[in-house]
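Colleague:
Residue numbers (the UniProt record's numbering): 1 to 720.
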């Protein structure tokens with residue numbers, strides 16, 4: 001089995017000895033239990049021995065065959081190695097032959113180049129002689145005055161004729177006129193013939209352009225390149241390009257389309273396309289655009305400043321946009337400077353005094369907007385104080401310490417208008433946009449500051465400040481019976497307007513001055529305006545300004561007037577104790593309604609901590625007023641109950657203030673009112689309660705004295 005292992009392993013399946021023996025035993029009769037046959041070990045052994053002998057014979061035969069193949073392979077390997085050696089020798093010989101051939105080719109090439117140089121040295125003078133002979137022939141024809149050669153008579157050979165005349169013209173110009181040769185050559189050096197041919201070439205170029213023959217145009221342009229009239233050829237091309245190009249109303253769009261079309265074509269015609277295209281653009285700017293701009297601006301320059309500025313901004317913007325489109329084309333090395341100079345040449349006369357026109361228009365327009373508003377109100381503006389911040393504070397301080405005198409009746413008008421503010425801000429916004437576009441970069445911060453100064457003058461000073469001054473003068477005295485506290489409306493509107501002013505400052509002015517020294521100047525000016533407004537508006541920050549006190553005095557005065565007019569002594573000491581049908585008095589209802597309106601007005605008019613500051617002071621004064629008001633009456637048992645109901649309603653009203661101190665004061669007042677109805681035996685217990693324990697005994701006593709039964713010995717004894 002071991003001998004036949006290699007043989008069987010050559011098959012498709014791997015050789016397995018056990019399986020091979022099993023198959024052999026299975027095929028041998030008596031080697032297994034197949035078909036019920038009895039097992040015969042001798043026969044199986046005999047079969048194994050015979051099979052082993054056969055395998056040995058087979059192994060020997062295969063071994064001999066392998067040895068024979070190995071010998072044959074060794075023989076062929078030796079023959080192949082010998083053949084490879086022979087091929088290597090042949091390759092070396094071929095390489096040597098190739099080197100020799102390469103050296104020979106190089107030698108021949110050198111000889112050929114030398115021979116070519118010699119031939120060229122001989123041929124060049126010969127060609128020059130031939131050219132000179134031809135020129136002399138043509139020269140004789142010019143001297144005779146008869147041009148007989150085909151090159152001069154055939155219009156199709158105008159290119160060759162141009163080359164000949166160009167050369168003869170140059171030769172004639174080099175000869176001195178006082179010599180005989182120079183005198184004879186004068187007809188060639190004079191402009192006549194030369195210019196005639198130039199005109200013919202230009203005419204041919206023009207005709208080819210009209211026919212749209214690009215190749216012919218390129219050919220003629222190449223000939224004219226050496227003539228003096230080449231620039232005239234370019235001018236003709238530029239002129240004809242513009243024929244029919246500006247038929248629409250939009251000259252800028254027409255110019256862009258024309259340049260786009262010429263940019264694609266000019267490189268196929270001229271050897272210097274960037275120069276030709278730049279000359280076309282220069283012609284468009286200096287002729288078409290400049291004429292158009294002048295017509296649009298001069299019409300309104302002196303008669304309508306608004307339309308003039310709008311047109312100037314629009315035209316300058318469209319011109320710069322056109323310039324941006326043209327930057328895509330090849331116009332030479334410094335096309336940015338080239339286009340900037342063209343734009344400057346068109347607008348320089350208008351931009352030099354732009355800011356003066358802008359400021360003049362803004363001033364007149366703003367004054368007209370304000371005057372139109374005051375006219376609509378049938379109001380004649382009066383002069384107001386124009387001092388600085390310190391002067392304003394001094395005036396207000398003195399006004400606080402002196403009688404106010406008669407107040408001005410403004411009929412509830414705030415003299416502040418959202419429409420006016422929007423119009424002023426819109427005009428200024430447009431002015432900032434024009435300033436950004438039309439101002440020189442070096443003058444931009446200065447010009448923007450001048451526009452900002454106009455806004456401050458007309459919006460802040462002439463409108464807001466005037467309304468505040470008028471509002472201050474219109475604040476009624478504290479004892480006024482019909483106080484219209486509209487000044488809070490002035491505060492609210494002024495606050496809203498100033499937020500709009502601040503937004504425009506940040507959105508439109510700051511980008512123009514952010515990197516210039518004018519930034520600090522503008523911020524300082526804005527700070528001064530804010531401080532001036534705060535002196536008049538910020539009622540909680542600057543206590544020296546007594547606008548708040550005056551206004552609150554008016555509110556408290558109005559409440560006093562309501563209480564005096566509506567509160568009756570019989571309210572708290574009714575004649576019939578058993579027939580009281582109301583929950584709280586009429587005076588309480590009207591006072592609470594009035595207070596709620598004023599609280600809402602204060603919240604709408606102010607913001608931030610100012611609201612809490614004003615409401616706290618109003619709440620404290622409101623409490624003091626009710627406290628003193630209650631001290632004026634005597635209270636029966638039912639009247640005391642009604643007083644408690646009134647104070648409870650006042651306390652509900654105090655909750656709208658959302659100030660803890662105010663609510664606490666009214667809680668204490670409500671507890672004090674309980675002393676008006678509590679039983680005499682419980683007075684000491686109530687007075688020692690949580691809310692009244694810390695109060696002065698005189699305060700408690702003053703409330704107890706308001707009871708109608710205070711004189712009774714029992715009540716006096718219990719309270720003492």
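All C-beta atoms, glycine included, are put in the ideal place defined by N, C-alpha and C.
Using C-beta distances below 8 Å, list every residue in its chain close to residue 277, excluding the 5 sequence neighbours before and after it, in chain order.
Modeller: Once the five neighbours on either side are set aside, the close Cβ partners of residue 277 are 259, 262, 263, 266, 329, 330 and 331.
Colleague: Assess, as a yes-or-no matter, whether the region 592 to 608 is touched by the region 650 to 662 under the definition of 3 or more beta carbon pairs within less than 8 Å.
Modeller: Enough Cβ pairs lie closer than 8 Å, so yes.
Colleague: Does residue 365 come out as helix, strand or coil in the three-state DSSP assignment?
Modeller: It is helical.
Colleague: Output yes or no for whether 8 Å exceeds the beta carbon distance between residue 676 and residue 707.
Modeller: Closer than 8 Å, so yes.
Colleague: At 4 residues or longer, and completely inside the region 305 to 369: list those alpha helix (DSSP H) runs for me, N to C.
Modeller: The qualifying runs are 305 to 326 and 335 to 351.
Colleague: Put residue 635 into one of helix, strand or coil per three-state DSSP.
Modeller: Note: residue 635 maps to strand in three-state DSSP.
Colleague: For residue 208, count the other beta carbons within 10 Å of its own beta carbon; 16 or more makes it buried, fewer makes it exposed. Which is it?
Modeller: It is buried - the Cβ of residue 208 has at least 16 other Cβ atoms within 10 Å.
Colleague: Please classify residue 603: does DSSP put it in a helix, a strand, or coil?
Modeller: If DSSP states are grouped into helix, strand and coil, residue 603 belongs with the helices.
Colleague: Whole angstroms are fine: how far does the CA of residue 109 sit from the CA of residue 100?
Modeller: Going by the C-alpha atoms only, they are around 14 Å apart.
Colleague: Per DSSP, what kind of secondary structure is residue 711 in: helix, strand or coil?
Modeller: Residue 711: coil per DSSP, three-state reduction.
Colleague: Out of 242, 333 and 243, state which residue places its alpha-carbon closest to the alpha-carbon of residue 275.
Modeller: Considering only alpha carbons, the answer is 333.
Colleague: Starting from the C-beta of residue 290, find all residues in its chain whose C-beta is less than 7 Å away, skip the five residues before and the five after it, and write them out in chain order.
Modeller: Only 346 meet the Cβ criterion.
Colleague: Any idea if residue 572 is buried or exposed, counting beta-carbon neighbours within 10 angstroms, 16 or more meaning buried?
Modeller: Residue 572 should be labelled buried.
Colleague: Report, in whole angstroms, the separation of the C-beta atoms of residue 362 and residue 454, which I expect to be a contact under 8 Å.
Modeller: Right, their Cβ atoms sit about 5 Å apart.
Colleague: In the structure shown, what three-state DSSP assignment does residue 285 receive?
Modeller: Helix.
Colleague: Would you be able to state if there are at least three C-beta pairs under 8 Å between the region 660 to 677 and the region 687 to 705?
Modeller: The region 687 to 705, when compared against the region 660 to 677, does touch it at the 8 Å Cβ threshold.
Colleague: Let me confirm a value: residue 191 is counted as buried when at least 16 other C-beta atoms fall within 10 Å, else exposed. Which label applies?
Modeller: Confidence at residue 191 is low in this model, with a pLDDT of 49, below 50, so its placement is unreliable and no value can be given for it.
Colleague: Drop a sphere of 10 angstroms on the beta-carbon of residue 39, count the other beta-carbons inside from all chains shown, and report buried for 16 or more, exposed for fewer.
Modeller: That one is exposed.
Colleague: Can you confirm whether the region 599 to 607 touches the region 659 to 673 when touching is taken to mean that 3 or more C-beta pairs between the two stretches lie within less than 8 Å?
Modeller: As far as the Cβ criterion goes, the region 659 to 673 does not touch the region 599 to 607, which means the pair count is below three.
Colleague: Nearest CA to the CA of residue 287: which residue from 252, 519 and 449?
Modeller: Per the Cα distances, 252.
Colleague: So within the region 431 to 519, which uninterrupted alpha helix (DSSP H) runs reach at least 4 residues, ignoring any that extend past its ends?
Modeller: Qualifying alpha helix (DSSP H) stretches, in chain order: 444 to 455, 466 to 473, 487 to 504 and 510 to 513.
Colleague: Quick one: Cα of residue 303 to Cα of residue 370, how far?
Modeller: Cα-Cα distance, rounded: 22 Å.
Colleague: Can you give the beta carbon distance from residue 217 to residue 281, rounded, assuming they're within the 8 Å contact cut?
Modeller: That pair is no contact at about 20 Å.
Colleague: So for residue 541, helix, strand or coil by DSSP?
Modeller: With a pLDDT of 29 at residue 541, under the threshold of 50, the predicted position of this residue should be treated as unreliable, and no value is reported.
Colleague: For residue 689, does the count of other Cβ atoms within 10 angstroms reach 16, so buried, or fall short, so exposed?
Modeller: Exposed, since its Cβ has fewer than 16 Cβ neighbours within 10 Å.
Colleague: Would DSSP call residue 703 helix, strand or coil?
Modeller: Residue 703 falls in the helix class under three-state DSSP.
Colleague: Alpha carbons only, please: which of 307, 381, 378 and 491 is nearest the one belonging to residue 358?
Modeller: Looking at the Cα atoms, 307 is the closest of the given residues.
Colleague: With DSSP as the reference, label residue 421 as helix, strand or coil.
Modeller: Helix at residue 421.
Colleague: What first and last residue would you give for the alpha helix (DSSP H) that runs through residue 695?
Modeller: Note, residue 695: premise wrong, no alpha helix (DSSP H); not H, not E.
Colleague: Please classify residue 680: does DSSP put it in a helix, a strand, or coil?
Modeller: Residue 680: helix per DSSP, three-state reduction.
Colleague: So, under 8 Å CB-CB, residue 428 and residue 504 are touching, yes? Tell me the CB distance rounded to an integer number of Å.
Modeller: Correct: roughly 7 Å between the Cβ atoms.
Colleague: Name the residue from 413, 508, 418 and 203 whose alpha carbon lies nearest to the alpha carbon of residue 496.
Modeller: Of the listed residues, the one whose Cα sits closest to residue 496 is 418.
Colleague: Could you please give the first and the last residue of the uninterrupted alpha helix (DSSP H) stretch that includes residue 379?
Modeller: Taken as a continuous stretch (DSSP letters only), residue 379 belongs to no alpha helix (DSSP H), as it is neither H nor E.
Colleague: Once you ignore the five residues that flank residue 3 on each side, which residues in its own chain have a CB closer than 7 Å to its CB?
Modeller: Low confidence applies to residue 3: its pLDDT is 45, below 50, so where it sits in the model is not reliable, and the reading given next is rough at best. 55, 56 and 59, listed in sequence order.
Colleague: Which two residues bound the contiguous alpha helix (DSSP H) that contains residue 221?
Modeller: Taken as a continuous stretch (DSSP letters only), the alpha helix (DSSP H) holding residue 221 covers 214 to 224.
Colleague: Using a beta-carbon distance below 8 Å, is residue 527 in contact with chain D?
Modeller: Among the chains in the structure shown there is no chain D, since it carries only a single protein chain.
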